[in-house]
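Inspection log for the structure reproduced underneath, given as structure tokens.
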């Protein structure tokens, strides 16, 4: 392998890694606050891309039916569990999620400016994760991580089946946000890829600052560490979880808008993206945003070089690398646990 070929493969790997970075950030964000491994995160990325493509073609996006269904279920759950404050429940789960849906019905078939198309896409994707949280995760928020993971997997298959009905089996690819390209060191970098890298860096910085230096961010972290203690100091765990899922929806919408133009996505394409992003998040420790970014970029590079060696094995190698990482982390944790009794005896 020549140095020039290695650089080309590295460039392709960074481009692949940029696809996984934002998804890894969203997975880490939700896990840090709620202990939920949000498996459907990749699905939201695909839905955002398909929604933007539909708006660009002048069609009403199928996502409106999914939002209406989830909003109806969440509203039923909320009204059934509340003796009072029905007005707040109606506003949060009945009115607000339906505003972008109403806008999609009104604007369907019209030629819209690109910024309006992206804003409407974000508006339609934004309520999905909080609604899923209210329906599936908030009632079992105190369950073990394993139970939450099982529910997340089941939820993925449930909404994937609904997505097949509302989107159809055909794939779609939105138009590029920019057609510019830049030459750096003899290599050409598409402007779309640079946008993805810039968005990943910005999201990493903002999330690190939010959770590390703001009172709201620390309150969200406190909820994950000790839900009972959070309640005692005035933090509402339900509201904290909804906020985390809302931020995750925003990341997923941005990811779909940036990723969609570089690859054709189908209703079920997001699962593989989310799974590879999860591998990157695990490699990064699942608790660190910079670690998640580095892990996702490593997955992209590993995928690129493995595909050059044997394209049939690229998926196998990417997922297989998770095994030694988990064994190593398990061994390190076991070692730490064995040392504690000795220190207590001293």
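Numbering (this note's numbering), first residue to last: 50 to 395.
Note that the Cβ used here is the ideal one computed from N, Cα and C, for glycine as well.
Just so we're clear, the structure is a prediction, and the values are computed from it rather than from any experiment.
- For residue 174, the three-state secondary structure derived from DSSP is helix.
- Within the region 249-336, complete alpha helix (DSSP H) segments of at least 4 residues are found at 264-274, 276-281, 286-308 and 319-332, given in chain order.
- Checking the DSSP bridge columns, you'll see residue 207 has no partner listed.
- The DSSP assignment places 90-105, 112-130 and 135-139 as complete runs of the alpha helix (DSSP H) inside the region 67-141, in order along the chain (cut-off: 4 residues).
- Take residue 371, set aside five residues on each side of it, and the residues of its chain with a beta-carbon closer than 7 angstroms to its own are 328 and 331, in chain order.
- In terms of Cα proximity to residue 333, the closest of 318, 375, 305 and 299 is 375.
- Residue environment for residue 97: buried (at least 16 other C-beta atoms within 10 angstroms of its C-beta).
- In the DSSP assignment, residue 232 falls within the beta strand (DSSP E) that extends over 230-233.
- With respect to the 8 angstroms criterion, residue 99 and residue 206 are not classified as neighbours on the basis of their beta carbons.
- For residue 355, the uninterrupted alpha helix (DSSP H) segment begins and ends at 338-358.
- Nearest in C-alpha terms to residue 273, of all of 61, 135, 80 and 73, is 80.
- In this structure, DSSP gives residue 188 a helical state, which the three-state scheme calls helix.
- Annotation for residue 161: no alpha helix (DSSP H) segment contains it, and DSSP assigns it neither H nor E.
- For residue 364, the enclosing alpha helix (DSSP H) has its first and last residue at 363-369.
- Between the alpha carbons of residue 177 and residue 315 lies a distance of about 18 angstroms.
- Distance between residue 365 and residue 83, taken at the CA atoms: about 30 angstroms.
- Contact annotation, residue 241 with residue 311: C-beta distance approximately 6 angstroms; criterion of less than 8 angstroms satisfied.
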